[in-house]
Structure formats: C-alpha cells, structure tokens
Amino acid sequence: MNSTEQLLSINNLHTGFRIKDTYFDAVDGVSISLKRNEILAIVGESGCGKSTLATSIIGLHDHNKTRVEGEIIYKGINLAKLDEEKFNKVRGEEIGMIFQDPLSALNPLMRIGHQIEEGLAFHTKMTKEQRDKRVLELLTQVGISNPARIAKQFPHQLSGGMRQRVIIAIAISCKPNIIIADEPTTALDVTIQAQILDLLKDLQAETGAGIVLITHDLGVVAEVADRVAVMYAGQIIEEATVEGLFTNPLHPYTRSLFNSIPQMNSENEKLQVIQGIVPSLINLPRTGCRFSTRIPWISEGMHEENPTMHEVSPGHLVRCTCWQHFHFESEEGGITR
Amino acid sequence: MSFMQINDLKVYYPIRGGFFNTVVDQVTAVDGVTLEFEKGKAYGLVGESGCGKSTTGKSIIGLEKITSGSIIYEGQNVTHNRRGRGSSYNRDIQMIFQDANSSLNPRKRVQDIIAEPIRNFLKLSPDEEKRKINELLAIVGMNEDAKLKYPHEFSGGQKQRIGIARAIACNPKLIIADEPVSALDLSVQAQVLNFMKDIQQEFGLSYLFISHDLGVVKHMCDHISIMYKGRFVESGSRKDIYTNPQHIYTKRLLSAIPDVNPIGREERKKERIEVEANYAANHKNYYDETGKVYDLKKLSTTHFVAMSAHEKGGI
Ligand SMILES: Nc1ncnc2c1ncn2[C@@H]1O[C@H](COP(=O)(O)OP(=O)(O)OP(=O)(O)O)[C@@H](O)[C@H]1O
Ligand SMILES: Nc1ncnc2c1ncn2[C@@H]1O[C@H](COP(=O)(O)OP(=O)(O)OP(=O)(O)O)[C@@H](O)[C@H]1O
Ligand code: SF4
Ligand SMILES: [Mg+2]
Ligand SMILES: [Mg+2]
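Chains as they are written, first to last, in this note's numbering: chain C, 1 to 337; chain H, 1001 to 1315.
Take a look at the structure:
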C-alpha cells in the first residue's frame, strides 16, 4: 500500500450556519489533507469549529441552515457538492464517523445489536447469521465484556463509555477508508482509551485507513498522532508533525494551550488560562488577527494585517509572523522561547 | 467531621425482557460503596467505564432508586426522601451531568435553564435574577448573547459550561461533578477548574469529582477512590494513590495515562502492554472466586485497599 497516497484533500472549506438571514462561517477557509495510513489530530478551543469540520466531511448537517463551500475531494469527487442519495453510500462504507455525542447519535428506541447490524445490512452482503456474529465480534473488539447482553439492551441502559464504544463499533463495522473520530475516547477510562486507540491503529494497519482524530487531550495526540492541526476561531493556525508541534510549538495560541495542561506534579498551583473568551460565531472577527484580543499585551503592530500560513520548516506551517515576537504576559518582552 | 455519610450503598437495575416485559435479570451497578464528605474537601471517583460512578452520583442526588444502604445528611437519614420539593438536601446537593446534551432541555433558552434552580430556591426580583444569570455566565466564560439561544446552538464544551452555571447557581454544599471538564478544551478546562477551586475555598464547598482524567483528578482532589465493578478497589489520599498504589487495578490505570510527549511513545506502549499482561496473569488473586472485589482493609489512617481476609499487610 502506498503510504503517501492522498486520501482526502480539503481546499478552502467554508461551512456557515444561518442565523436569522445571514450565514456565519464556523469553518472559515480550512485547507488540509489526509494521507493513507495517517492519523491527523485536530485540536483547538471549544467552539473553534472542529465538529463542524467533521460533519462537513461526512455531509451531516441541516441543509436548510448550513452552507458548505469549497472542496472536499475524495476519490476525485467533491463531497461538498455530493447529493444526499450518493452520500448515503459513502457514509459508513467509505467514511466512518465516531460522534462526539454518543447519546444523540444512537436511536433511543432500537436495541444496540440491531443498530450495529443495520449498517452491515445496508453496506454489505452478509447474511443475517453472519451479521449477528459480526455484531458480537465488534462489541468484543471495543472492549465490551458481555456482548450478548449488551446487544439486547437499549442506549439508556448503558454507561456513557459503553455507548461511546457502541458508536466506535458502528463506525468501524464496514472497515471504512477514512475514520473521523470526534473525541472518541473522552468518555472512556484510560485503560479502555489505550485499548481503543490500539484498536484503531490495528485496524489502520489492516486497512490502511486514514484517521482524523479530534481531541483536546494533548496526551492522546502525543501518543498516537502523526500530524497535528491546531484550530482557532474557524481557521487552522498551526500544522506540523507531532514531534514538530510538541518540541517546537510556535503560534501564541498553541503555546498557550500547552501552558494550560494540569501537570502531574503541580497539584495546588493555579492553572494557566488564556485571557478573554472565544467570541461567538456572530461576533467572530473576520479580518486581521483573530487571536490578538486574547493577547492584548502584544502590540497591534506586531500582527500581520491579514495573517496567512507560512512554512517555517518543512511541514511546519504557522499562521502569521507575530509568533517571532510573542512572549507571555508574565515574561519580559523580546523573543522568549 | 463529615457532614454527609454514604453507607454500603447498593443500586441494582432490573433488566426487563420476554413477552410480558417482566424482570428477567438485574445489573449490579453499585455494590457496597461507603463514602463520607467533609466540608471543603474534594473527593475523586475514578474507574473503569461502566463501573458505576455515574450511578453512584445519580443515586446520591436522588435520580436513581437505592436498593440498599443509607445516606445520612447533617444527621438526618435522607435515603428515602432525597427529592422533596424545596428541601434543603435538594438545594444543597447539585450535579453536573456527564452528558451535557441530554441534561439540558432542548426547548428552553439558556437563560431559563440557568434560572430554573434560582426560581426554585432563591426568591429574587426579575432584575436580581437577570444580574445573577449574567454573573453566572461570566463565571463560566460565556457571552451574554448566549442567554436567548437554545442548547443545540452550542458546541459540546459550551453546553457543559451551561450545566456548570446551573449547578452553582444556588451556592450548593456538595456538587457531584460527573466528568465536568471532559468536553472542554484545555484553557476553558483550566478556567473551570480554577473557578471550582475558588468557590470551594470561598464557600467551603465539597466535590464528588468523577473523571477519567487522572491528571485532573490529581490536581483537584484530596481523597481518591478507585472503583471497579461497583466497588472500591482502593481509596486513599492523593499521595497514597499516586505514589504508593497497592491494588493491581490501580497500577494498571496509572500505567495507561497518556504522556504529553510524543518522544518515547513506542517504549511506553511496550511497558503498557507488559502491565496489561501482568494484570491478565495475576488479577485473579485480587478478586474473589466470583470476580467480586474484596472488602477494603485499612493500611493507614487514609489508605484502604481491597484484599482477601487472609492477606496481611501490603499485597
Ligand atoms: N447547528 C448550529 N447552529 C448554529 N451555530 C452552530 C451550530 N453548530 C455549531 N455552531 C457554532 O459553531 C461554532 C463551532 O462549533 P463546533 O461544534 O464545530 O465546535 P467544536 O470545535 O467542535 O467545539 P467543542 O470542542 O466544544 O466540541 C460554535 O461557535 C458553535 O456555537
Ligand atoms: N437505566 C439502566 N438500566 C440498566 N442498566 C443500567 C442503567 N443505567 C446504567 N446501567 C448499567 O449500570 C452499570 C454502571 O453504569 P454507570 O453509568 O454508573 O457507569 P459509569 O461508571 O458512570 O461509566 P462511564 O465511565 O462509562 O460513564 C453499567 O453496567 C450500565 O450498563
Ligand atoms: S498576528 Fe498572527 S501569529 Fe499573531 S496572534 Fe495573530 S494570527 Fe497569531
Ligand atoms: Mg465538537
Ligand atoms: Mg458515567
């Protein structure tokens, strides 16, 4: 299998939600690609557009209230312009999605086993018997210890983490080429988390799938990702290999993010917080530097007027150039890194 | 002195099935949990997914039926009247729910969601109520324009903050926080955790803090209990658990914590697999014939570990 093969290529994607009569872009000009066999992590502040990016790729949003523009190229077709009927085939079979919110992604009135089987019936030629067997297999794979009982239960009878694992089982059931995992392990304990991440990696080794992993757990990113994109206010502000980003974070937002991690040996200290709040969709600044209000001690003149991405070293891209002059408020001025 | 004691709490869920939808089986979700809460302290509850943490929390605030055991609050046995309207227990014990989405009424605007406990328990004028809501939104770092919106218009993390604003609205004594920050990004998480610590100090608030993030638990909690299949396998001070873990399940959990450093991840994976193999080979010694966790034995004034009756001292 060619590991550098481009699987998905997103170009200048804009996804906007209609509020009253105006569309406001929650994803505002995102370009990123995903290769075969790659785990691309997407991190960023709550509300920065990660889930919107994910649902755009898989074409799941309310068409009456959402506008998707730009390109999402998969196997030569633009998914952003694909009609619903064709998309139904792509979903599940070609692209599997693990949703952030498991409860609303499951049908409350349908037994777990049936929900997993449904996708298999739609996308594969398996017999009923084969499907039933595969359901139990999948539940076991995601670490559920009594699959036969769980298959007969309804979503509300499962714990949060068990529901999450059911969603994962559904997403991987047809061995898709692309898996989009939106906070797949947030609801899981660390041992199951490790098990699920290993499972995704095994599956990847088997099928060569590309995985988009959305998470705010930088530990998880460090453990499994190949490449990382950091988003802020609808845009990607830094992109690098996992080593590149963790050893040399450049953008002020990325550096602030790393600063907020509760360290295992700093129990009583105050955690570092980024000043101010993420502007809501309507109030999002659309020109100039979107992060400048969060670092007011950096003078206006330091920011680019319309920050664009610059390749700082091979594969390491950063929006704007002000990072060269950035320092934390507590630090003295000048270049402190 | 503790203001609240939970004694040998058990919660079983009936499983219905068959033709007449009769009870055919039961799930032992919580199987003998004992806990007490002191003013101003934070208690961590960590454990396998599905081990009964949320059920413990929900049964304490009165959302699940208690099968047996008791809850004593300020000297009163409240086991069977936890949800009395306007009762002080009902106001003083609040919960932040794991599933922010389903705990927020989709048909209500944010301002009405947050105002609900205020209207139930505090008698405020409309102006005072408005000010209070603005104050709460500011505390959780949200814009005032959020007030008129509905839950579906928010991201996962934003919804969680709405749930937190509602829980702290009436200055509770104990907040059961079920994965309160797991949907939040790091900076907002830091903001919420700092805030939770601030109000803890200011009002002498206590927490039952349920989380999978052992870094967050370490940061927040004075006392930590590790739960497995409805029971505690180990319970101790932060130091006991992180520097001197005794139970094989605790050790397994600690070894699976992801490290914020991509360098050395292959070696860490190997180590993790070793600990897993050791667990698979030896875990039987740590549970009885039926797979049940042994009763807790006292190792020190703060540190308790589940071990069989004939086991002496450290395992
Ligand atoms: N259906 C919708 N209608 C209107 N606005 C929406 C809708 N869904 C999301 N938004 C807004 O779009 C922005 C991006 O939301 P999104 O859910 O993509 O964030 P996210 O990065 O996934 O955040 P989190 O980490 O909290 O899950 C937010 O400001 C959110 O309030
Ligand atoms: N309403 C219900 N009916 C039947 N069984 C239930 C019900 N609610 C929970 N359970 C079962 O009780 C057990 C404990 O569930 P609980 O939600 O307390 O777990 P948890 O420790 O909070 O897990 P997680 O970390 O995944 O949230 C699980 O086996 C679950 O399937
Ligand atoms: S000017 Fe550029 S680098 Fe500086 S904070 Fe803004 S976007 Fe970031
Ligand atoms: Mg999201
Ligand atoms: Mg739970």
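C-beta atoms are modelled at their ideal positions from N, C-alpha and C, and glycine is treated no differently.
Remember, it's a predicted structure, so these values are computed and weren't measured experimentally.
Quick one: does residue i have its CB under 7 Å from some CB of chain C?
i	result
H/D1198	no
H/D1240	no
H/G1040	no
H/S1182	yes
H/R1265	yes
H/D1288	no
H/R1016	no
H/A1256	yes
H/R1252	yes
H/N1261	yes
H/V1011	no
H/G1314	Model confidence at H/G1314 stands at a pLDDT of 45, short of 50, so the residue's coordinates are unreliable; what they give is reported in the following sentence. For H/G1314, the answer is no, since every Cβ of chain C falls outside 7 Å of its Cβ.
What three-state label does DSSP hand residue i in the structure shown?
i	result
H/L1122	coil
C/S280	coil
H/Y1150	coil
H/M1307	coil
C/T140	helix
C/S338	Residue 338 of chain C falls outside the range modelled here, since chain C spans only 1 to 337, and no answer is possible.
H/L1063	coil
H/N1021	coil
H/K1108	coil
H/R1231	strand
C/K75	coil
H/N1171	coil
C/M110	coil
C/A181	strand
H/M1142	coil
C/F246	helix
C/A222	helix
C/R165	helix
H/A1177	strand
C/F291	coil
C/Q115	helix
For residue i, does the count of other Cβ atoms within 10 angstroms reach 16, so buried, or fall short, so exposed?
i	result
C/V142	buried
C/E239	buried
H/K1173	buried
C/T52	buried
C/T336	No answer about C/T336 holds up, because its pLDDT of 39 lies below 50 and its placement is not dependable.
H/Q1189	buried
H/F1020	exposed
H/F942	The first residue shown for chain H is 1001 and the last is 1315, placing residue 942 of chain H beyond what the model contains.
C/H63	exposed
C/S313	exposed
H/T1250	buried
H/G1047	buried
C/N177	buried
C/E305	exposed
Return the first residue and the last residue of the beta strand (DSSP E) that residue i is part of.
i	result
C/D83	From DSSP, C/D83 is part of no beta strand (DSSP E); its letter is neither H nor E.
H/I1015	1002 to 1017
C/I10	6 to 19
C/E238	235 to 241
H/K1298	1296 to 1298
C/R227	227 to 232
Which residues bound the alpha helix (DSSP H) around residue i?
i	result
H/F1195	1186 to 1203
C/A194	190 to 207
H/K1270	1265 to 1282
C/T127	First-last for C/T127: undefined, no H or E at that position.
H/G1215	1214 to 1220
C/E311	That residue, C/E311, is in no alpha helix (DSSP H); its beta strand (DSSP E) goes 309 to 313.
Under a CB-based cut-off of 7 Å, is residue i close to chain H?
i	result
C/H114	no
C/H316	no
C/R337	With a pLDDT of 39 at C/R337, under the threshold of 50, the modelled position of this residue cannot be trusted; read the value that follows with caution. False, the Cβ-Cβ gap to chain H never drops below 7 Å.
C/E243	yes
C/M162	yes
C/T127	no
C/F246	yes
C/N2	Residue placement at C/N2 cannot be trusted, given a pLDDT of 48 that sits under 50; the coordinates are not used to answer.
C/S56	no
C/H14	no
C/I95	no
Given 6 Å as the limit, tell me if residue i has its C-beta closer than that to any heavy atom belonging to ligand 7.
i	result
H/Y1012	As for ligand 7, it is missing from this structure, which binds only ligand 1, ligand 2, ligand 3, ligand 4 and ligand 5.
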